Amino acid sequence: MKWEYESPRKAYGETLVELGKEREDIVVLDADLSTSTKTAMFGKKFPERFFNLGLQEQNMMGIAAGLARSGKTVFTSSFAVFATGRAYDQVRQSIAYPRLNVKIVATHGGVTVGEDGASHQMIEDIGLMCGLPNFRVIVPVDSNEVRRVIRFVAYEYGPFYVRLTRPSLPNITSKDDEFIFGRGAVLKDGDDITLIATGIEVSYALLAAERLEKDGISAAVVNMSTIKPIDKDLIIKYARKTGAIVTAEDHNIYNGLGSRVAEVLVENYPVRMLRVGMPDKFGRSGKWNELLKYYEMDDAGIYNAAKKLLEVKK
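Structure below.
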């Protein structure tokens, strides 16, 4: 497959600037990482509505809550490990509990942070944020979807967590595609097995499906951008249709996409499934694509998981 690659962080920054021109109520906060998160684009254009709080993520979330209380639509950004890990108590008590209009857009999620190593490879953030009442969690599949998601959350009241990656992603969707919150998107239909993936793993799921096709195996591929609330109806539909599901995510296999899909299946229509992702261990330093291969999270890993599951299904 031939795709064009684009930085989701850049798409985020560009969309913030567009929204800033449209609405004066939008303010943006960052914690000394605006060059990396690309919120610096907004800061350069609207310095009076941009606040760099330095290395004070906890304080940043408190200020975000205060600005939201005063009627602002607040975007706050940092690396995922800091935005959710270091500031969790403030996010829980000051944003989630009072259900304030704060959008936490975290970059550098997952093991694909790469050379920064285990300390910065946040692989539990989706679980943390899904566990917070009032929060909705989205992991866009590409830069085109990032633009649609950021626009959606800007106009939808209440707290959101949007997770972006460090590396550029292939544009799988087109600029004209629609983002429907809470719905998974079927990118490829199939009858034998279903591959449900999110974020960077969607492209690998499509490549794995291509390899399975050569073996005479018909694999459906679902892009599950919205992790909370998850698309229960679509999961059940393909569980009934194929009887086997593989999930793939750049996240711990516990408390992420795989766990959420398993919850739906066990309560509604149990079928065989396998989870591809970080195997409940911290990562290590290395090039992001080599790490995905090492942890069997690339297309070969998804392909092998699917073949293994189909053997069990027989």
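In our numbering, the protein residues as written are 1 to 314. Ideal Cβ positions, reconstructed from N, Cα and C, are used throughout, including at glycine. This one's a predicted model, so the numbers in the text were calculated from it and none came from an experiment.
Spatial distance of residue i from residue j (CA atoms)
i: Ile-126; j: Asn-255; result: 7 Å
i: Leu-212; j: Ala-185; result: 20 Å
i: Val-102; j: Ala-68; result: 7 Å
i: Glu-210; j: Arg-9; result: 28 Å
i: Leu-257; j: Ile-200; result: 13 Å
i: Met-1; j: Gln-90; result: 43 Å
i: Lys-314; j: Lys-188; result: 23 Å
i: Ser-143; j: Leu-169; result: 7 Å
i: Leu-53; j: Ile-95; result: 17 Å
i: Asn-304; j: Leu-55; result: 42 Å
i: Asp-355; j: Lys-45; result: The first residue shown for the chain is 1 and the last is 314, placing residue 355 beyond what the model contains.
i: Tyr-12; j: Asp-215; result: 39 Å
i: Glu-124; j: His-251; result: 6 Å
i: Glu-290; j: Ile-26; result: 39 Å
i: Glu-104; j: Ala-262; result: Per the sequence presented here, residue 104 reads as Ile, with Glu not at that position. Their Cα atoms are separated by approximately 26 Å.
i: Phe-75; j: Val-111; result: 24 Å
i: Tyr-238; j: Ser-7; result: 31 Å
i: Glu-115; j: Lys-287; result: 6 Å
i: Glu-178; j: Ile-150; result: 13 Å
i: Arg-240; j: Asp-32; result: 48 Å
i: Lys-308; j: Tyr-88; result: 38 Å
i: Ala-64; j: Glu-156; result: 17 Å
Residue from the options with nearest C-alpha to residue i
i: Phe-82; options: Ala-65, Gly-109, Gly-71; result: Gly-109
i: Met-122; options: Val-102, Ala-80, Pro-98; result: Ala-80
i: Gln-93; options: Leu-55, Tyr-5, Arg-49, Asn-134; result: Asn-134
i: Ser-285; options: Leu-274, His-120, Asp-233, Leu-234; result: His-120
i: Val-266; options: Ile-245, Lys-10, Ala-64; result: Ile-245
i: Ala-220; options: Asn-252, Gly-283, Ala-208, Thr-73; result: Ala-208
i: Glu-249; options: Gly-13, Ala-239, Leu-292, Ile-95; result: Leu-292
i: Val-312; options: Asp-280, Gly-301, Val-271; result: Val-271
i: Ser-19; options: Asn-289, Phe-152, Leu-55; result: The question names Ser, but residue 19 in the sequence shown is Leu. The option with the nearest alpha carbon to Leu-19 is Phe-152.
i: Met-278; options: Tyr-88, Ile-253, Pro-98, Asn-268; result: Ile-253
i: Ile-196; options: Trp-3, Ser-7, Ala-40, Met-273; result: Met-273
i: Arg-99; options: Gly-66, Arg-86, Gly-114; result: Gly-66
i: Leu-164; options: Tyr-97, Ser-78, Met-61; result: Ser-78
i: Gly-62; options: Arg-86, Tyr-157, Pro-47; result: Arg-86
i: Gly-71; options: Tyr-204, Thr-84, Gly-158, Arg-260; result: Gly-158
i: Glu-48; options: Pro-167, Lys-21, Glu-57; result: Lys-21
i: Trp-3; options: Leu-206, Tyr-294, Phe-181, Ile-230; result: Leu-206
i: Tyr-5; options: Gly-131, Leu-132, Asp-30, Pro-167; result: Pro-167
Bridge-paired residues (DSSP) for residue i
i: Thr-226; result: Ile-138
i: Tyr-5; result: Pro-170
i: Asp-30; result: Asn-52, Ser-77
i: Ile-196; result: Val-222, Thr-247
i: Arg-163; result: Ala-106
i: Met-41; result: BP columns for Met-41 are empty, so no partner.
Continuous beta strand (DSSP E) stretch holding residue i: start and end
i: Met-278; result: 272 to 278
i: Glu-249; result: 244 to 252
i: Thr-35; result: No beta strand (DSSP E) holds Thr-35; the alpha helix (DSSP H) holding it covers 34 to 37.
i: Leu-291; result: It is not in any beta strand (DSSP E) - Leu-291 instead sits in the alpha helix (DSSP H) that spans 288 to 294.
i: Tyr-155; result: From DSSP, Tyr-155 is part of no beta strand (DSSP E) but of the alpha helix (DSSP H) over 143 to 155.
i: Leu-187; result: 185 to 188
Residue i CB to nearest heavy atom of the ligand PLP below 7 Å
i: Ser-7; result: Questions concerning the ligand PLP fall outside what the structure shown contains, since it holds no ligand whatsoever.
Span of the alpha helix (DSSP H) around residue i
i: Ser-203; result: 201 to 214
i: Ala-68; result: 57 to 69
i: Lys-307; result: 299 to 313
i: Val-91; result: Unbroken run through Val-91: none, as it is neither H nor E.
i: Val-261; result: 257 to 268
i: Met-129; result: 125 to 130
Nearest-angstrom beta carbon gap, residue j and residue i [assumed within contact, 8 Å]
i: Ile-172; j: Val-146; result: That belief does not hold up - the Cβ atoms of Ile-172 and Val-146 are roughly 12 Å apart, past 8 Å.
i: Gly-319; j: Ser-218; result: No statement about residue 319 is possible, as the shown extent of the chain runs from 1 to 314 and does not include it.
i: Ala-306; j: Ile-193; result: 5 Å
i: Thr-198; j: Ser-225; result: 7 Å
i: Phe-51; j: Leu-16; result: Actually they are not in contact, since the Cβ atoms of Phe-51 and Leu-16 sit about 13 Å apart, beyond 8 Å.
i: Lys-228; j: Val-137; result: 4 Å
i: Ala-118; j: Phe-282; result: 4 Å
i: Val-28; j: Thr-39; result: 5 Å
i: Val-141; j: Asn-223; result: 5 Å
i: Met-129; j: Tyr-161; result: 4 Å
i: Thr-73; j: Ala-154; result: 6 Å
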